[in-house]
Amino acid sequence: MRHGRLPRLGVERQEVGCRELAARLGWRVAEVFADNALSAYSGRRRPRYRAILAAIRAGRIDAVPAWHTDRLHRSPVELEEYIAVCTEGRDVPTHTVQAEPLDLSSPSGRMVARQLGAVARYESEHRSERVRRAFLQGAQQGRQGTTRVAVS
2 MRHGRLPRLG VERQEVGCRE LAARLGWRVA EVFADNALSA YSGRRRPRYR AILAAIRAGR
62 IDAVPAWHTD RLHRSPVELE EYIAVCTEGR DVPTHTVQAE PLDLSSPSGR MVARQLGAVA
122 RYESEHRSER VRRAFLQGAQ QGRQGTTRVA VS
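Residue numbers (this note's numbering): 2 to 153.
Okay, structure coming up:
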């Protein structure tokens with residue numbers, strides 16, 4: 002069961018961490034981009050993520066603080082597009098609260114970013130498979146509560 006407010010609280014905690022990181026780095030927060038209540042790997046379009054890319058392309062933001070790379074990029078395709086956008090004619094640094102900065106300006110830095118993306122994707126798929134099996138097992142055993150319900 003998920004309480005309707007809980008997902009928003011997680012996003013709020015992440016924003017606080019990102020603001021603190023930006024302050025430590027001497028960055029001014031120009032805008033906050035958050036796609037709340039979207040599953041990490043649902044495949045659904047993330048309008049605020051698209052807005053980050055547009056803002057970088059337009060030169061409206063010069064750096065990106067993020068909670069973790071797995072909260073920023075949800076697929077290898079997104080990561081590759083992000084790398085391209087952040088390295089088109091200028092270097093847009095990406096720092097994370099939970100991990101090291103991403104150095105997208107070098108081949109080795111891009112390799113590390115891709116490895117982090119692959120690990121995050123694996124973890125998500127593995128977790129999804131475990132949850133799916135647990136729901137199936139619960140249903141086969143006649144247990145109730147094997148599906149998520151929203152509580153408001």
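Cβ coordinates follow ideal geometry from the N, Cα and C atoms, glycine included.
Only a predicted model underlies this, so the values are computations on that prediction, with no experimental measurement involved.
Just the C-alpha distance for residue i and residue j, rounded to the nearest angstrom, thanks.
| i | j | result |
| --- | --- | --- |
| THR95 | LEU73 | 10 Å |
| ARG75 | GLN142 | 34 Å |
| ARG49 | ASN37 | 9 Å |
| GLN15 | VAL120 | 21 Å |
| ILE84 | ARG111 | 8 Å |
| ILE62 | ALA31 | 7 Å |
| GLU124 | VAL113 | 16 Å |
| GLU13 | GLN145 | 32 Å |
| ARG131 | ARG122 | 14 Å |
| ARG29 | SER129 | 37 Å |
| GLU101 | ARG45 | 28 Å |
Assuming residue i and residue j make a contact with CB atoms under 8 Å, what is their CB distance in whole Å?
| i | j | result |
| --- | --- | --- |
| ALA64 | VAL98 | Contact doesn't hold; Cβ gap of about 14 Å is too wide. |
| THR88 | LEU103 | Wrong, their Cβ atoms sit about 11 Å apart, outside the cutoff. |
| VAL33 | ILE57 | With 8 Å as the limit, VAL33 and ILE57 do not qualify as a contact, their Cβ atoms being about 15 Å apart. |
Is residue i helix, strand or coil by DSSP?
| i | result |
| --- | --- |
| THR70 | helix |
| VAL155 | Any question about residue 155 goes unanswered here, given that the chain covers just 2 to 153. |
| VAL65 | strand |
| ARG46 | coil |
| VAL30 | coil |
Could you check if residue i is buried or exposed, using at least 16 other CB atoms within 10 Å of its CB as the buried criterion?
| i | result |
| --- | --- |
| ALA67 | buried |
| GLY137 | Note that residue 137 is Leu in the sequence shown here, rather than Gly. Answer is exposed; the Cβ neighbour count stays below 16. |
| GLY60 | exposed |
| GLY118 | buried |
| LEU80 | buried |
| LEU26 | exposed |
| query | What residue ranges within the segment 76–116 form continuous beta strand (DSSP E) runs of no fewer than 3 residues, ordered along the chain? | reply | Runs of the beta strand (DSSP E) lying entirely within the segment 76–116 and spanning at least 3 residues, in chain order: 95–97.
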